[in-house]
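Residue numbers (this note's numbering): 162 to 255.
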Amino acid sequence: MAMTSVNQAVIETLSRQIVSAYCAASGPAEGTARARLLDEVMHAIEEPVGRRRLVEQGPERVNAALADWEAQEGRPFGLRLIEIDPAHSTVTMG
């Protein structure tokens, strides 16, 4: 079975949803901190190149990026990514 890549628009949409949901729950992040978080989340979900790998490995990679960002920012523990659905460009956080 051939693995299809997840296009950049889906990655950007998912990343923005993750950052928006995270910031809504744990407090706003503005300016360079929010931009850095968005970059880190995008990088985390760009790595698993196929849809199946994104679903299987994406949450773990994103949660590691969120934890690293929190440590750098000195922020409290916030939401964590539970599931990525690239077919519908949605994320579930909790």
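Beta carbons are placed, not taken as given, at the ideal position from N, Cα and C, and that holds for glycine.
Assumed close pair residue i, residue j - CB separation to whole angstroms, cut-off 8 angstroms
i: ALA205; j: ARG222; result: 4 angstroms
i: ILE172; j: VAL252; result: Wrong, their Cβ atoms sit about 12 angstroms apart, outside the cutoff.
i: ALA186; j: LEU198; result: Not really, about 13 angstroms apart at Cβ, beyond 8 angstroms.
Residue i versus residue j - alpha carbon distance
i: VAL202; j: ALA226; result: 6 angstroms
i: LEU240; j: SER250; result: 19 angstroms
i: GLY188; j: ALA232; result: 15 angstroms
i: PHE238; j: ARG195; result: 16 angstroms
i: ALA170; j: GLY219; result: 16 angstroms
i: PRO247; j: CYS184; result: 21 angstroms
i: GLU207; j: ARG214; result: 10 angstroms
Beta-bridge partners of residue i, as assigned by DSSP
i: GLU244; result: THR253
Residue i in three-state terms, based on DSSP
i: GLY192; result: helix
i: GLY239; result: coil
i: SER181; result: helix
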